[in-house]
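Note sheet for the following structure.
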Amino acid sequence: MKREDIARHLLVTCSARLDTDAGPQGTAFFVAPGFVVTAAHVVGGADGLPVRLSEGQHRWRGHVADVRPPSAGEMAATAPYPAPDIALIGIDEGPEHACALLGKHFPGEGVRVMARGYTPTFDHRSVTAETETFRLTGLLETPDPACKLLKLGLGEVTRGMSGAPVLDLKTGEVIGMLRTSRKLGSNLGGWVVPASLIRLLWPEEVSLANDFFHRKDSRWRQAASQLGARPSSKKSAPAGGGLSIGSIEADVVSVITGGNVDSVNIEYGPVNRRRPGSGTR
Amino acid sequence: MLPTGDVIWVRVQPGQAVTTDPAAGPTDVGLGDRIAPIAGAFQLPEFTQTVRGVVASVRQALDDHRPDSMSVEFGIEIVARAGALLSVLAEVGGTAHVKVTASWDRRDAAMPPPSGEEPGPT
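Same order as they appear, the protein sequences are chains L and S. Take the first sequence: its position 265, counted from the start at 1, is 265 in my numbering, and no numbers get skipped. For my numbering, add 281 to where a residue sits in the second sequence, where the first one is 1.
Written as structure tokens, this is what we have:
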């Protein structure tokens, strides 16, 4: 299996289309059991907003549990949402799921990455998934000194990709979340909220839970090991995770072709159900 | 369909605010700024009032002529900022353009007059 195929399959296991009552809004991805992230502008900066997520045959319901920053207020429609532009969504109902392996450090410039988002590219009416590869070209400082965004180039960021996971094609780690196109209709790429910042924003709900998930379930790390280099973490796989490379591939593929997301997360408990208003700020 | 049950056909055309401008700079790439406002607009009281107001005015103007069918074309601008709908306007730059097409199938002319009024030799 090619590196890009493995990466694509990993992205499928963690990403989902996000809808509200007003229709499709963009993309989101699972960062911890019971939690996904998306861009704040995708949910209009609205804390508590109910959302629906879907991937293949799977459906989830949830609500916006935290938004950073909460609302853009009165701003020009064409201006980028203030940094960092990210929302945490708590899952209220739905099947178990896989979680993206979140990176902990800024990746090196020049790294090849792949994103997967739900876009209306095909016919501008239906919303379908598409992937795109990029190169990491640099960092962008924002008015918030604590928030630096990653810059992507050599790929097209299209509408609907807000909230899409961006995966390092060498380590298999998700390096961040897409939020903005640098120029629509071009291959100038876009801006990414770094995974390290996502961890910093929600140290318990996301960072610790993400680490715990991947200590319990080694399949993402093992699939990522086929990409050419091991992820930066040196945590060893748990007992029972000693699958051969071939069976790991087959497992990842079965997750996609069979749509059985549960098979990725067989060791993890039920979805955490949080109520609107129980934000994590 | 309006809350009243009236069916209105809407042809959605991209406006300036959502058209891909090759010269534009960084743009957030959620779908809400081009799909949600259009879908949500139909729930707005302002949208309903605007549509009904225009249609009622045109019908009143043609009431004496009793057309068999009538179509009305007019533009509505939906303004969205930060994912929220702020207003619905039926005019741009102080002028509104309404195109009215009325038709009569002339059945009255072809039908015989009601009994008692039938013309005949006198």
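Yeah, the Cβ is synthetic: ideal placement off N, Cα and C, and Gly gets one too. Bear in mind that the values here come from a model prediction, so they are computed numbers and not experimental data.
Would R215 (chain L) pass as an interface residue toward chain S - the criterion being a Cβ-Cβ separation below 8 Å? Taking Cβ atoms only, chain S never reaches closer than 8 Å to R215 (chain L), which makes this a no.
Sorted by chain position, which residues of the same chain lie with C-beta nearer than 7 Å to A100 (chain L)'s C-beta, five sequence neighbours on each side aside? C14, F29, F30, V31, P165, V174.
Sufficient close CB pairs (3 or more, under 8 Å) joining the segment 336-349 of chain S to the segment 177-193 of chain L: Taking a contact to require three or more Cβ pairs closer than 8 Å, the segment 336-349 of chain S and the segment 177-193 of chain L do not qualify as touching.
Here's a check: name, in chain order, each residue in its chain whose Cβ is nearer than 8 Å to the Cβ of S54 (chain L), leaving out the five neighbours to either side. So the list reads A16, R17, D19, W60, once near-sequence residues are dropped.
Of all Cβ atoms in chain L, is any one closer than 8 Å to the Cβ of V310 (chain S)? At least one chain L Cβ lies under 8 Å of V310 (chain S).
Bounding residues of the beta strand (DSSP E) (the contiguous stretch that carries F29 (chain L)): Start and end: 23-32.
Considering only residues of the same chain and omitting the five flanking positions on each side of I245 (chain L), which have a CB-CB separation below 7 Å? Unreliable placement is indicated for I245 (chain L), whose pLDDT of 35 sits below 50; the coordinate value is still reported in the next sentence. Counting only residues of its own chain and dropping the five nearest sequence neighbours on each side, I245 (chain L) has a CB closer than 7 Å to the CB of Q226.
Sort out for me which residues DSSP pairs H58 (chain L) with in a bridge. For H58 (chain L), which the question treats as bridged, DSSP gives the partners L:E55.
Is it buried or exposed, W385 (chain S), if we count other Cβ atoms within 10 angstroms and call 16 or more buried? Burial call: exposed.
Pairwise C-alpha distance: G313 (chain S) and H63 (chain L): Straight across, the Cα-Cα distance linking H63 (chain L) with G313 (chain S) is about 17 Å.
Which residues in chain S sit within 7 Å of H63 (chain L), going by Cβ to Cβ distance? Using a Cβ-Cβ cut-off of 7 Å, H63 (chain L) is close to nothing in chain S; its nearest Cβ partner there is about 16 Å away.
Residues in the segment 27-56 of chain L having any Cβ partner in chain S nearer than 7 Å: Answer in chain order: A39, H41, V42, G44, G45.
Could you name the residues that DSSP lists as bridge partners for G153 (chain L)? L:R135, per the DSSP bridge assignment.
Assigned secondary structure, P107 (chain L) (DSSP; H/G/I helix, E/B strand, else coil): DSSP places P107 (chain L) in coil when its eight states are reduced to three.
CB A39 (chain L) to CB R125 (chain L), shorter than 8 Å? Between A39 (chain L) and R125 (chain L), the gap from beta carbon to beta carbon reaches 8 Å or more.
The alpha helix (DSSP H) with S196 (chain L) in it runs from where to where? DSSP places S196 (chain L) inside the alpha helix (DSSP H), whose first and last residues are 195-201.
When DSSP builds the beta bridges, which residues end up paired with G306 (chain S)? Answer by DSSP bridge pairing: none, since G306 (chain S) is not bridged.
Taking 8 Å as the CB-CB cut-off, is A87 (chain L) touching chain S? Judged by the 8 Å Cβ criterion, A87 (chain L) is not in contact with chain S.
Assuming K380 (chain S) is part of the beta strand (DSSP E), what are its boundary residues? K380 (chain S): member of the beta strand (DSSP E) spanning 379-384, first to last residue.
In chain order, what residues of the same chain have a beta carbon less than 8 Å from the beta carbon of L102 (chain L), not counting five sequence neighbours either side? Counting only Cβ-Cβ distances below 8 Å, and skipping sequence neighbours, we find V31, E173, V174, A195, I198, R199, V206, S207, N210.
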